[in-house]
Amino acid sequence: MTYYAPPSERQFLSAAQGSRSLSGRDNKPDLSVVVPVYNEEENIDRLYERLTESLVKLGKSFELIFIDDGSSDDSFRHLEAIAAGNPSVKVIRFARNYGQTAGLAAGIDYASGEVIIPMDADLQNDPADIGLLLAKLTEGFDVVSGWRKDRQDELFTRLIPSWIANKIISVISGVRLHDYGCSLKAYRREVIKDVRLYGEMHRFVPIYATWMGAKVAEIPVSHHARQFGKSKYGISRTFKVVLDLMTVKFLSEYATKPIYVFGAAGLWSFVGAFASFVWMVILKYFYATTFIQTPLPVLTAMFLMLGMQFILMGLLAELVMRTYHESQGKRIYIVKTALNVDPD
24 MTYYAPPSER QFLSAAQGSR SLSGRDNKPD LSVVVPVYNE EENIDRLYER
74 LTESLVKLGK SFELIFIDDG SSDDSFRHLE AIAAGNPSVK VIRFARNYGQ
124 TAGLAAGIDY ASGEVIIPMD ADLQNDPADI GLLLAKLTEG FDVVSGWRKD
174 RQDELFTRLI PSWIANKIIS VISGVRLHDY GCSLKAYRRE VIKDVRLYGE
224 MHRFVPIYAT WMGAKVAEIP VSHHARQFGK SKYGISRTFK VVLDLMTVKF
274 LSEYATKPIY VFGAAGLWSF VGAFASFVWM VILKYFYATT FIQTPLPVLT
324 AMFLMLGMQF ILMGLLAELV MRTYHESQGK RIYIVKTALN VDPD
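For the sequence shown, counting from 1, position 115 maps to 138 in this note's numbering; every step adds exactly one.
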C-alpha cells in the first residue's frame with residue numbers, strides 16, 4: 024500500500040490565503056464547509072464536484088476543509104489531488120482514526136469563514152441544501168440544523184434507535200430537535216468557535232450553542248441512500264450517545280457546582296445508613312432479632328462509607344473546577360451584550 028505524507032504547514036497557509044482571496048476582500052470567506060472523511064475514496068471526487076457546483080451558485084466566497092480521519096484507503100490521495108488544483112481547499116490528515124467528533128473539532132479550528140457548515144462525505148447529505156440552511160440563518164437564527172425527514176437508512180439498525188435517541192436527547196436537554204444525528208448544519212462562527220468537543224459530542228453542538236444564548240432552528244433536508252462504501256456506524260453507537268448525553272446533562276446543570284450532585288448522593292447515603300441503623304435497633308429490642316441475624320449492620324456501614332466518599336468526591340470536583348476556571352482565567356458566564364463598557 025502506498026502512503027502519502029500530510030500537507031506541510033506552508034501548504035496550509037497558502038490554502039488559507041487562497042480562500043481569502045476568493046472573497047475579493049481582506050477579511051474572512053463567507054462560508055467554511057467542513058467534511059470529515061474516513062475511507063470514502065469512491066465518494067470524494069463526486070462530493071467535491073457537487074459541493075463546488077452548489078456553492079458557486081450561491082455567489083458567496085467559501086473554503087472547503089476536508090479532515091482525513093486516518094483513512095486506510097486512497098481517500099487522502101484523492102484529497103491531495105483536489106487541494107493541488109484549488110487553493111480554497113484545505114486538507115488536514117490525522118495520524119490515525121480519532122472519530123467524527125475530532126474531525127469536526129479540527130475543522131472548526133482551521134475554519135476561517137463567517138458561517139461554518141459541517142457535512143458527511145458519504146453523499147447522503149445533499150450540498151444543494153446548503154442554500155436552505157443559509158436562508159434560514161438570515162431569519163435571525165445562529166444555528167440551523169438539518170432534519171432528515173425522509174431518511175434513507177435501515178429501519179431496525181438505524182432509524183428506530185435514532186428516533187429513540189432523539190426523543191431522549193430532546194427531553195433531557197430541553198432543546199427540541201427531530202434529528203440530532205444529521206451532520207448537515209450551519210453555525211455562525213461566534214457561537215461555535217469556543218466549543219470544545221470530546222467523545223461523540225459532535226451531535227450535541229446545538230445544545231452547547233443554546234447554552235451560549237444562540238437561537239436554534241431546524242429545517243427538513245434531503246437524504247440519499249449510500250451508493251458507495253459502507254456505513255461506519257452501528258447500533259452500538261446508540262449506547263455511546265446515551266453515555267455522552269449523561270455527560271452533557273451534567274455539564275449543563277452542574278459543571279460549576281459539582282458538589283450538588285455528589286453532595287446530594289452523599290446525603291441520601293447518610294439517610295440510608297440512618298434508616299438501616301434505626302430498623303436494626305427496632306428489630307433487636309422489639310423483635311428479639313440480633314445484629315448477626317440481619318444484614319442491616321453491613322448495609323449501615325456501607326451506606327455510611329458511600330456517603331463519606333460521595334461528599335469527598337464532591338469537594339474534590341469543586342477544587343478541580345475552580346482550578347480549571349481560575350488557572351485559565353475562564354469566566355463562569357457569557358456576556359451577550361455590553362453597553363458603555365471598555366472593550367478591554
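Even for Gly, the Cβ is constructed at its ideal location relative to N, Cα and C.
With distances taken from CA atoms, which of Gly-286, Lys-190, Leu-335 and Glu-213 is nearest Ile-139? Glu-213
Just verifying my parser: in three-state terms, what is the DSSP assignment at Gly-169? strand
Within 10 Å of its beta-carbon, does Ser-292 have 16 or more other beta-carbons around it, so buried, or fewer, so exposed? buried
Where does Pro-141 sit, in a helix, a strand or coil, going by DSSP? strand
For Leu-54: DSSP bridge partner residues: Phe-85 and Val-138
Within the continuous alpha helix (DSSP H) that includes Pro-110, where are the two ends? Premise fails: Pro-110 is in no alpha helix (DSSP H) and is neither H nor E.
Exposed unless 16 or more other CB atoms sit within 10 angstroms - verdict on Val-114: buried
Which of helix, strand or coil DSSP assigns to Arg-345: helix
Give the range of the alpha helix (DSSP H) segment to which Val-194 is assigned. 183-196
Residue from Val-228, Ala-134, Trp-302 and Gln-332 with nearest C-alpha to Asp-165: Val-228
Leaving aside the five residues before and after His-225 along the sequence, list all residues of the same chain whose C-beta is less than 7 Å from its C-beta, in chain order. Gln-123, Thr-124 and Leu-127
Within a Cβ cutoff of 7 Å, which residues of the same chain sit near Glu-63, ignoring the five residues on either side of it in sequence? Ser-98, Ala-144, Asp-145 and Gly-252
With burial defined as no fewer than 16 other Cβ atoms inside 10 Å of the residue's Cβ, what is the status of Tyr-310: buried or exposed? exposed
Quick one: give me the first and last residue of the beta strand (DSSP E) that Ile-242 is part of. 239-243
For Tyr-92, write down the residues that DSSP places opposite it in a beta bridge. Here residue 92 is Asp; the residue named in the question, Tyr, does not match the sequence. Answer is none; Asp-92 lacks a bridge partner.
Contact check, Val-60 vs Leu-87 under 8 Å by CB: the rounded distance? That belief does not hold up - the Cβ atoms of Val-60 and Leu-87 are roughly 11 Å apart, past 8 Å.
Looking at the strands, I want to know which residues DSSP matches up with Ala-209. Val-167
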